[in-house]
Amino acid sequence: MPTDVRCRVETDEASEVVRLTGVLDRSGVDVVRDGLLARLCGRPGPVVADLTGLRVADPVAGGVFAEVRREIRDWPAADLLLCDPTGAVEGVPAWPTLAGARAGLAATPPAAVVGADLPPVVGAARQARQLVAEGCDRWNLHELVEPACIAVTEMVNNVVAHAHTTMTVRLAPRNDTLHLAVRDHSSRQPTFTGSAPLDTAGGRGLLLIDTVARSWGSSRVPDGKVVWCVLHADDEAAARRPDPALPSPDVPLSP
1 MPTDVRCRVE TDEASEVVRL TGVLDRSGVD VVRDGLLARL CGRPGPVVAD LTGLRVADPV
61 AGGVFAEVRR EIRDWPAADL LLCDPTGAVE GVPAWPTLAG ARAGLAATPP AAVVGADLPP
121 VVGAARQARQ LVAEGCDRWN LHELVEPACI AVTEMVNNVV AHAHTTMTVR LAPRNDTLHL
181 AVRDHSSRQP TFTGSAPLDT AGGRGLLLID TVARSWGSSR VPDGKVVWCV LHADDEAAAR
241 RPDPALPSPD VPLSP
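In terms of full-length UniProt numbering, the sequence shown is residues 1 to 255.
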């Protein structure tokens, strides 16, 4: 293959396969990252990157696939798999043939995911909370309804107040955790500096997310960002567990 053939990323929205062709060196890393992230945030579910027509000329550049997989590991219902006949790429589950990769994908239970596209209006937060309540009820994550509604309200309100773009709300369970994300079309990244002063009117949205979620973050994607968080059912169970150091409500206090 000629070394001057640049790396190309070809996406078919009707398929879970993204085809990469040409030669991947360090100059093509951004092309690969942006192409894969655009596909992964465009619709839920795992993606297979087909490297059959790609030559990885630089091992450092080949690390972009593991980098993308780390970036999306906490997104709802997202994963990256490879068809890599050479076995040159590390850090990502891979098969030597596309048929094998598709078979591996088919062997995985379909992702349970719900989502909706919302406009940047005041009522969007209410619609997002309804989506969260329906999803948690469907997946028997009832203890996460309240914290997830707090988190999604702040995420959506940030889009309404700052991004002013349409957004996609998406959530999916994973074992006893709930993965929640809001994708908008603004490159402005959220900033978190801890507790806001009491005399300020705003600045507490990310603090609330940080309080109810065990982890959260923001991913830069082409034409915007994805803000995500992960909530754990056992965190809520622990929060509701009585403190043994406190008196029981059934035991009267001594006079």
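Where is the CB? At the ideal position from N, CA and C, for every residue including glycine.
Residue i in three-state terms, based on DSSP
{"i": "GLU13", "result": "coil"}
{"i": "GLY100", "result": "helix"}
{"i": "CYS7", "result": "coil"}
{"i": "THR177", "result": "strand"}
{"i": "ALA111", "result": "coil"}
{"i": "ALA94", "result": "strand"}
{"i": "GLY42", "result": "helix"}
{"i": "PRO190", "result": "coil"}
{"i": "VAL64", "result": "helix"}
{"i": "ALA88", "result": "coil"}
{"i": "GLY123", "result": "coil"}
{"i": "HIS142", "result": "helix"}
Contacting residues, own chain, Cβ-Cβ under 6 Å from residue i (five flanking each side not counted)
{"i": "LEU231", "result": "LEU144, PRO147, ALA148, LEU178 and ALA213"}
{"i": "SER219", "result": "GLU71 and VAL226"}
{"i": "residue 312", "result": "Any answer about residue 312 is impossible in this case: the structure gives the chain only from 1 up to 255."}
{"i": "ASP50", "result": "VAL17, ARG19, CYS83 and LEU98"}
{"i": "ARG8", "result": "THR21 and GLY22"}
{"i": "GLY63", "result": "none"}
{"i": "TRP139", "result": "PRO173"}
{"i": "VAL221", "result": "LEU37 and CYS41"}
Other residues of its chain near residue i: CB distance less than 7 Å, five sequence neighbours each side excluded
{"i": "ARG170", "result": "PRO44, PRO76, VAL113, GLY115 and ALA181"}
{"i": "ARG126", "result": "none"}
{"i": "VAL31", "result": "CYS7 and VAL9"}
{"i": "PRO190", "result": "ASN158, LEU206, SER218 and VAL227"}
Sequence-distant residues of its chain with Cβ nearer than 8 Å to residue i (five each side left out)
{"i": "ASP53", "result": "The displayed chain sequence assigns Gly, not Asp, to residue 53. Cβ neighbours of GLY53 beyond the five flanking positions: ARG19, LEU20, THR21 and GLY22."}
{"i": "HIS162", "result": "SER186 and ARG188"}
{"i": "LEU118", "result": "ALA124, GLN127, ALA128, VAL156, THR166, MET167, THR168 and VAL169"}
{"i": "GLY100", "result": "CYS83"}
{"i": "ARG33", "result": "VAL64, GLU67 and VAL68"}
{"i": "GLY28", "result": "ARG6, CYS7, GLY22 and ALA61"}
Cross-strand partners of residue i (DSSP beta bridge)
{"i": "THR166", "result": "Bridge partners of THR166: none, in fact."}
{"i": "GLY135", "result": "For GLY135, which the question treats as bridged, DSSP gives no partner whatsoever."}
{"i": "PRO76", "result": "Answer by DSSP bridge pairing: none, since PRO76 is not bridged."}
{"i": "residue 279", "result": "There is no way to answer for residue 279, as the model of the chain reaches only from 1 to 255."}
{"i": "ALA49", "result": "VAL18 and LEU82"}
{"i": "CYS229", "result": "LEU180 and TRP216"}
{"i": "ALA116", "result": "VAL169"}
{"i": "ARG55", "result": "VAL23"}
{"i": "GLY224", "result": "VAL221"}
Contact belief for residue i with residue j at Cβ below 8 Å, rounded distance in angstroms
{"i": "VAL5", "j": "ARG26", "result": "Going by Cβ atoms, the distance from VAL5 to ARG26 rounds to 16 Å, so no, they are not a contact pair."}
{"i": "ARG102", "j": "VAL47", "result": "Not confirmed; about 12 Å, so no contact."}
{"i": "ILE150", "j": "LEU208", "result": "6 Å"}
{"i": "VAL152", "j": "ASP184", "result": "Actually they do not touch by this definition, with Cβ atoms about 13 Å apart."}
{"i": "ALA233", "j": "LEU131", "result": "Between LEU131 and ALA233 the Cβ distance is about 18 Å, and since that is not below 8 Å, they are no contact."}
{"i": "HIS164", "j": "PRO120", "result": "5 Å"}
Original post:
Are the segment 51-68 and the segment 77-91 touching, with three or more C-beta to C-beta distances below 8 Å?
Top reply: Enough Cβ pairs lie closer than 8 Å, so yes.
**OP:** Kindly confirm or deny that the segment 61-80 and the segment 35-51 touch, where touching means at least three C-beta pairs closer than 8 Å.
**Re:** yes
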